[in-house]
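Q: Supplied in structure tokens, the structure appears directly below.
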Amino acid sequence: MAENDQKTIELNELELLYDRLFPICRSITGPGLRETLAILSDYLPLESFSVKTGTKVLNWQVPQEWRINQAWLIGPDGSKIVDFKWNNLHILNYSQPVDRVLDLEELKKHLYTVPVQPEAVPYVTSYYQPRWGFCLAHHSFESLPHGEYHAYIDSQLIDGELNYAHAILPGESKQEILISTYVDHPSMANNELSGPITAAFLYQRLLGWPKRRFTYRFVFVPETIGTIAYLAHFGPELKEKIYSGLVLTCIGGKADLTYKLSRREDTPLDRIIRHLFSTEAISGRIRPFTPTHGSDERHYCSPGFNLPVGQLARLWGYPEYHTSLDNKELITIESLQQSVDEIEKILRLFETDGYYLNKYPYGEIKLDQYNLYPDLNSRDMSDAFINKAVKDRNQLNQLLVVLNYADGENSLLDMAEKYNYKIAELKYIVEILQEQKLLTGPFLKGEKTI
Amino acid sequence: MAENDQKTIELNELELLYDRLFPICRSITGPGLRETLAILSDYLPLESFSVKTGTKVLNWQVPQEWRINQAWLIGPDGSKIVDFKWNNLHILNYSQPVDRVLDLEELKKHLYTVPVQPEAVPYVTSYYQPRWGFCLAHHSFESLPHGEYHAYIDSQLIDGELNYAHAILPGESKQEILISTYVDHPSMANNELSGPITAAFLYQRLLGWPKRRFTYRFVFVPETIGTIAYLAHFGPELKEKIYSGLVLTCIGGKADLTYKLSRREDTPLDRIIRHLFSTEAISGRIRPFTPTHGSDERHYCSPGFNLPVGQLARLWGYPEYHTSLDNKELITIESLQQSVDEIEKILRLFETDGYYLNKYPYGEIKLDQYNLYPDLNSRDMSDAFINKAVKDRNQLNQLLVVLNYADGENSLLDMAEKYNYKIAELKYIVEILQEQKLLTGPFLKGEKTI
Amino acid sequence: MAENDQKTIELNELELLYDRLFPICRSITGPGLRETLAILSDYLPLESFSVKTGTKVLNWQVPQEWRINQAWLIGPDGSKIVDFKWNNLHILNYSQPVDRVLDLEELKKHLYTVPVQPEAVPYVTSYYQPRWGFCLAHHSFESLPHGEYHAYIDSQLIDGELNYAHAILPGESKQEILISTYVDHPSMANNELSGPITAAFLYQRLLGWPKRRFTYRFVFVPETIGTIAYLAHFGPELKEKIYSGLVLTCIGGKADLTYKLSRREDTPLDRIIRHLFSTEAISGRIRPFTPTHGSDERHYCSPGFNLPVGQLARLWGYPEYHTSLDNKELITIESLQQSVDEIEKILRLFETDGYYLNKYPYGEIKLDQYNLYPDLNSRDMSDAFINKAVKDRNQLNQLLVVLNYADGENSLLDMAEKYNYKIAELKYIVEILQEQKLLTGPFLKGEKTI
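Residue numbers (numbering that gives the first Met the number 0), protein chains in the order written: chain A, 0 to 449; chain B, 0 to 449; chain C, 0 to 449.
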């Protein structure tokens, strides 16, 4: 099947998953969260876990589970102002139940809008402070007449559980690459269906690779409290196994990738993504690490764990953020596929990076024996590379660089950066040299030296 | 009592001490030195030490003690050209006794002037080469008539002692901050009454602090030979205890502070003073370390000791240096108070700097529990910080930075520099966090980690 | 004898050696190589070694030995086109024997020229791929008439040996400085008689020094395969003994020196040559290390050996390279003497560089005791340095710098670079201080500290 056809099929599948997930009213707990994990299980073999309400997790505690059936606000003339059925954003996420008649002034304390975007319904949450409320477009809010309103929210806060899931895709090494995303946001596209959808399809791509050097851990959690719960349980295991990792957030939209460095600022993924952006192999921009903003990398990168985890985003700091305007038209399904493509490219090159060993490190290798060097020494080198595995002087130079620095102390990326090569070019050189059994690796730092 | 009143009272006390010390004829040994230490004892509890003439101290030897009673030069017409009573600078410091009649040509070999400042009486010393001589204004020198002069100096060089003193102000830690100044210069203001007066009043300020993290050692010595003698005795103890230190010299005058780095160039005081100057918390300028010029830091920073000691000065490299023009009008008493203020500010922030530990380093802390985080997540954060201990998003960011890097491996100054905060701002954040028992410290580098 | 006369005598001797070596038909094996080593033995006590054909050396194998007696090409009219006697470059180096009559079209497959330099005879080799051929000026090639040609090469490829030699010039330390050059190139001047001739005369200069701190190892090998064979035998010894080293190549011609850094990029020679170039003590330019081009430093700097060896060249990347135009007029004998001068200067300063110890490191030394400091302290210092060993304030500063940093952890070069001094100036200061027994050294890094 042609690659283009495959791409088109995948695009349709991406849209199908999007359309299944979008309408669900997700939160950090509850039926919407469980339904979301169940749908994702069609795409990758998720193992699910639950943590009971009240369980202490690190410095936090699992809250009561939130369930909502229906909710609406009726105006003085009996017409519906908002209805949960129209858009689940209309209800303050984690809203207490309410069934009250009250006048406009009293009601306004429970209404949330975005005055600067009068047509947008905002997404507002109050997980840990009991509140009830409705979210609506500011122009609706402004035209509310005086009079009696009936506020009705049929929700429950009960002792239940918090749910999360992960899938482990094994590779040659037990060292793991973490891909973490979150599944608690209700009907918004970029923030945050882009992450879980991209992660699910990325899994399928990696599954298709002929071999994987690393093991891949895909984590789907409610943001913040879910990650806290995940770390409370799996933290020690992650400290032992995670070689590098990514949090995916806001990974859709018509914008270049941006990458927030890990707290360590020089992990293997930090370095290779910086290289790929700076050599324009992928269009993107590096952001510094900061604990002040961002997503779940703040917990992975808390000082006790200090895991080598960065964060990858696309559309970020955008006006439609946390409103009903964050929808499929804004992000486009094509941008999700682009994210899958670009992350796969990063990981493919990442798997080649590492520390190699020249098998004959004493003196330069007699390369003409391996069809890798001209056998006539003359100033006219026009025919020198005919029928050679290296096609020109530039490739020969790259090969000499790789052999000289394949000492277990300089990574392939170190070589690329020192000599201004692209790591994708050196990947080809590594393949030639391994075919001739002149190179072993890749190894991890310090694993083997001459 | 209002702060302004306290300031005025202190200013009067500074001037009183200045006026008591100025007239004394000090030298590296002798009665003037002892009288000076006795007066300073009224301001801080000095412990005094003496070293006998002839004692070997490091590569040096304590010289004979110099005493002077009176001295004058009478001209051909019987009138006095100079008199020790008028100004003790008129006599070459450490001058041998003399009682000779001699003609102008012979006399000139014993006269010292500053041709480019014809009204200035220079300060000249000859401690280790026997000489006698007079110092006078160059315009007086030029008008000396031919004829017979009577040179009379009633001085003695006898086997006596060299004196120095120190005061130890204890703190919670046995680690010490050294404040070293010198007390051998005769009647000049900036160089050098500014150092001992500033040190004496700084002691009183630190005494008033509710607590001191470090112990403070105030050292008063004759320059060079006194420091050599001090190090001969206390050197090993200093190597063990000194955490950081300052030599005070030329610390008066209408000029910004300048700080000469220690030989190590990155001691805790080097770094915090650089930070305070570069963030304009204090107006000042950094000078590099050099062994070629300066004061007693050259001995503290000799390669065998290599103590973490820098040097703080104000008016420095000035035309009135080492002349009778270096007087109270030049420096002003207000500038001495400014030095006390600024050094106290440095030390106050210095005591807060150090390595902290986040008590809940695994995952981000649930800050709303401690009234440190908004409890509603909405795009409109206008009310979010009402009644919170952090007053705005910027302070919340600072708090998140401090918690994330409070791992025992990043000092408060490291955080300030990495995120372009001022250390005085982070001091406030530390206080909030310690009140909530979320942070322990400060510790020394490597003392504790997660 | 005046220095100028000595220079002239040496210049004549340099030319004499050049004229003896130039005509010989050298290759990587064979009689020409042996004759060259024999002639060089008149200048330094070479110890010669041989390695039999077929011997495995690292990743290589010693090839058959090449011998050539005579060779010519006769044209259709019976006249000689080229003759080995005219210029040994006319015969493809390592040419198989041939005695064939063939037409022009067939012959052309065996002819080598440089079209862009029509008057130049190129230097072409085929050591490891059996070929026969002639090299000639492109304008001769273009005027060859159609017809029958007689190609005659009386050469042999027999089981013989590969030869190389070295001379060890002992010094106080067993640590060695390597000077390596190659002796396999036939009649060309810069590449490569410049290296062996410069090395031979450099040996004589070093022999004349009153003392040598280091031992010097002079190596004369056929390029590449000879160095490989040398390393196969002496590699472990070199790894143990070589402190720093130089490959000499293309070291003649009217151009400034250029220095290619070692693979380590900060060896002692890397650093001092960079200093001498940057302070313009010697005119020159630094080139980065690269394994892609260059000479035998590629083998010394292969990852298994990683020896601290750089490469020094003068005329480099020049149009006459590897042709008959690379001759005595191009390089001039004077340029060889300049290379000897400049390398000797480098090594002389290199021997002074190192780590010193101040014998009285506690406090500043009382320098007036040693006639190194003024004994009167006055603002007028005009007479202060009369009869002192330091002639002015600048030299006194240099002396204070050397004493302060003579702690076994800062090299003389570190001091020069930190304070923007020239190392030749500090050499004088070291001599003054050692005369007064105030300084010991030089030591190697880490050998001794306070």
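C-beta atoms are modelled at their ideal positions from N, C-alpha and C, and glycine is treated no differently.
Taking Leu256(B) as the reference, which of Gly170(B), Pro169(B) and Gly309(B) has the closest Cα?
A: Here the question's residue 256(B) lines up with position 257 in the second sequence. If we check each option's Cα against that of Leu256(B), Gly309(B) comes out closest.
Q: Quick one: is Ile90(C) buried, meaning 16 or more other Cβ sit within 10 Å of its Cβ, or exposed?
A: To locate residue 90(C), count along the third sequence from 1; it is residue 91. Ile90(C) should be labelled buried.
Q: Strictly under 8 Å for the Cβ-Cβ distance: is Thr291(C) near chain A by that measure?
A: Counting from one through the third sequence, the residue named residue 291(C) turns up at place 292. Yes - at least one Cβ of chain A is within 8 Å of the one on Thr291(C).
Q: Can you tell me which residues form a DSSP beta bridge with Asp82(A)?
A: Working through the first sequence from its first residue, we reach residue 82(A) at position 83. Bridge partners of Asp82(A): Trp71(A).
Q: Within the 8 Å Cβ cut-off, does Ser377(B) reach chain A?
A: If you number the second sequence from 1, residue 377(B) lands on position 378. Yes - at least one Cβ of chain A is within 8 Å of the one on Ser377(B).
Q: Between which two residues does the alpha helix (DSSP H) carrying Glu424(B) extend?
A: As a first step, residue 424(B) is located in the second sequence; it is residue number 425 there, counting from the start. Run containing Glu424(B): Ile422 to Glu434, per the alpha helix (DSSP H) assignment.
Q: Measure the Cβ-Cβ separation of Ala312(C) and Cys249(C) and say whether it is below 8 Å.
A: Translated into the one-based positions of the third sequence, residue 312(C) becomes position 313. Translated into the one-based positions of the third sequence, residue 249(C) becomes position 250. Yes. Within cutoff.
Q: For the beta strand (DSSP E) that Pro62(C) lies in, which residues bound it at each end?
A: Indexing the third sequence from 1 puts residue 62(C) at position 63. Element bounds for Pro62(C): n/a, residue is neither H nor E.
Q: Assess contact between the region 364 to 372 of chain C and the region 433 to 447 of chain C, defined as three or more Cβ pairs (one per stretch) separated by less than 8 Å. Is contact present?
A: The region 364 to 372 of chain C vs the region 433 to 447 of chain C: in contact.
Q: Rounding to the nearest angstrom, what Cα-Cα distance links Lys444(C) and Gly353(C) in this structure?
A: Stepping through the third sequence from its first residue, residue 444(C) is reached at position 445. Stepping through the third sequence from its first residue, residue 353(C) is reached at position 354. Roughly 7 Å separates the two Cα atoms.
Q: Over the uninterrupted beta strand (DSSP E) stretch that includes Asp153(C), give me the two end residues.
A: Here the question's residue 153(C) lines up with position 154 in the third sequence. Where Asp153(C) is concerned, the enclosing beta strand (DSSP E) stretches over Glu147 to Ile157.
Q: Using a Cβ-Cβ distance under 8 Å, would Trp59(B) count as near chain C?
A: The sequence position of residue 59(B) within the second sequence is 60, counting from 1. Chain C, which has a Cβ nearer than 8 Å to the Cβ of Trp59(B), makes this yes.
Q: Is Val339(B) helix, strand or coil when you go by DSSP?
A: Locating residue 339(B) in the second sequence gives position 340, where the first residue counts as 1. In the structure shown, Val339(B) sits in a helix (DSSP, three-state: H, G or I).
Q: Rounded to whole angstroms, what is the Cα-Cα separation between Ile27(C) and Tyr93(C)?
A: Counted from its first residue, the third sequence places residue 27(C) at position 28. Counted from its first residue, the third sequence places residue 93(C) at position 94. Roughly 9 Å separates the two Cα atoms.
Q: Could you tell me the distance, in whole angstroms, from the CA atom of Arg212(C) to the CA atom of Pro307(A)?
A: Locating residue 212(C) in the third sequence gives position 213, counting from the first residue. Locating residue 307(A) in the first sequence gives position 308, counting from the first residue. Each residue's alpha carbon lies about 50 Å from the other.
Q: CA-CA distance, Leu268(C) and Gly244(C)?
A: Your numbering for residue 268(C) matches position 269 in the third sequence. Your numbering for residue 244(C) matches position 245 in the third sequence. Near 7 Å, if we compare the C-alpha coordinates of Gly244(C) and Leu268(C).
Q: Between Phe304(A) and chain B, is there a C-beta pair that is closer than 8 Å?
A: Residue mapping note: residue 304(A) aligns to position 305 of the first sequence, counting from 1. Cβ-Cβ to chain B under 8 Å: yes for Phe304(A).
Q: How about Gly234(C): is its C-beta nearer than 8 Å to some C-beta of chain A?
A: Position 235 of the third sequence, counted from the first residue, corresponds to residue 234(C). Interface residue, yes.
Q: Anything in chain B within Cβ reach of Asp382(C), meaning under 9 Å, just list it in chain order.
A: The count along the third sequence starts at 1 and reaches residue 382(C) at position 383. The premise fails here: Asp382(C) is roughly 12 Å from chain B at the closest Cβ pair, so nothing lies under 9 Å.
Q: Would you mind sorting Ser125(B) into buried or exposed? The rule is 16 or more other CB atoms within 10 Å of its CB.
A: Stepping through the second sequence from its first residue, residue 125(B) is reached at position 126. It is buried - the Cβ of Ser125(B) has at least 16 other Cβ atoms within 10 Å.
Q: Which of the three DSSP states is assigned to Asp102(A) in this structure?
A: What you label residue 102(A) is simply residue 103 of the first sequence in a count that begins at 1. Note: Asp102(A) maps to strand in three-state DSSP.
Q: Residues of the region 179 to 190 of chain C in Cβ contact with chain A at a cutoff of 9 Å, in chain order, please.
A: Of all residues in the region 179 to 190 of chain C, none has a Cβ within less than 9 Å of some Cβ in chain A.
Q: Does Phe396(C) come within less than 8 Å of chain B when only Cβ atoms are used?
A: Within the third sequence, the letter at position 397 stands for residue 396(C). Looking at the sequence itself, residue 396(C) is Asn, so the reference to Phe does not match. Closer than 8 Å: yes.
Q: Kindly indicate which three-state DSSP category Pro121(A) falls into: helix, strand or coil?
A: Here residue 121(A) corresponds to residue number 122 of the first sequence, with the count starting at 1. Reduced to three states, the DSSP call for Pro121(A) is strand.
Q: Just to confirm my understanding: we take Val97(A), look at its own chain, exclude 5 residues before and 5 after, and list those with CB closer than 6 Å. What are they?
A: For the purposes of this step, residue 97(A) is taken as the residue at position 98 of the first sequence. So the qualifying residues of the chain are Trp131, Ala150 and Ile152.
Q: Using the three-state DSSP reduction, which class does Asp382(C) fall into: helix, strand or coil?
A: Along the third sequence, read from residue 1 onward, the residue named residue 382(C) stands at position 383. Coil, per DSSP.
Q: Are the CB atoms of Leu356(A) and Gly440(A) within a distance shorter than 8 Å?
A: Residue mapping note: residue 440(A) aligns to position 441 of the first sequence, counting from 1. Residue mapping note: residue 356(A) aligns to position 357 of the first sequence, counting from 1. Going by C-beta atoms, Gly440(A) is nearer than 8 Å to Leu356(A).
Q: Buried or exposed: Ile157(C), going by 16 or more other Cβ atoms within 10 Å of its Cβ?
A: In the third sequence, residue 157(C) corresponds to position 158, counting from 1. It counts as exposed.
Q: Residue ranges of each alpha helix (DSSP H) run of no fewer than 4 residues wholly in the region 203 to 253 of chain B, ordered along the chain?
A: Runs found: 224 to 240.
Q: Answer with buried or exposed for Arg99(C), where buried requires no fewer than 16 other C-beta atoms within 10 angstroms of its C-beta.
A: Numbered from its first residue, the third sequence carries residue 99(C) at position 100. Its Cβ having fewer than 16 others within 10 Å, Arg99(C) is exposed.
Q: Does the structure place the region 31 to 41 of chain C close enough to the region 2 to 21 of chain C that three or more beta carbon pairs sit under 8 Å?
A: Short answer: they touch.
Q: Just to confirm, are Gly194(B) and Leu247(B) a CB contact at a threshold of 8 Å?
A: Counting from 1 along the second sequence, the entry for residue 194(B) is found at position 195. Counting from 1 along the second sequence, the entry for residue 247(B) is found at position 248. Yes.
Q: Assuming Tyr181(A) contacts Glu191(A) under a Cβ cut-off of 8 Å, what Cβ separation, rounded to an integer in Å, is found between them?
A: Position 182 of the first sequence, counted from the start, is the residue given in the question as residue 181(A). Position 192 of the first sequence, counted from the start, is the residue given in the question as residue 191(A). With a Cβ gap of about 6 Å, Tyr181(A) and Glu191(A) count as contacting.
Q: So, for Leu275(A): in the same chain, excluding its five sequence neighbours on each side, which residues have a beta-carbon less than 6 Å away from its beta-carbon?
A: The residue you call residue 275(A) lines up with position 276 of the first sequence. Contacts found: Ile281.
Q: Just the C-alpha distance for Lys327(C) and Tyr427(C), rounded to the nearest angstrom, thanks.
A: Residue numbering aside, residue 327(C) sits at position 328 when the third sequence is read from its first letter. Residue numbering aside, residue 427(C) sits at position 428 when the third sequence is read from its first letter. About 39 Å.
Q: Would the beta-carbon of Leu43(C) fall within 8 Å of that of Phe217(C)?
A: Indexing the third sequence from 1 puts residue 43(C) at position 44. Indexing the third sequence from 1 puts residue 217(C) at position 218. Yes, Cβ-Cβ distance for Leu43(C) and Phe217(C) is below 8 Å.
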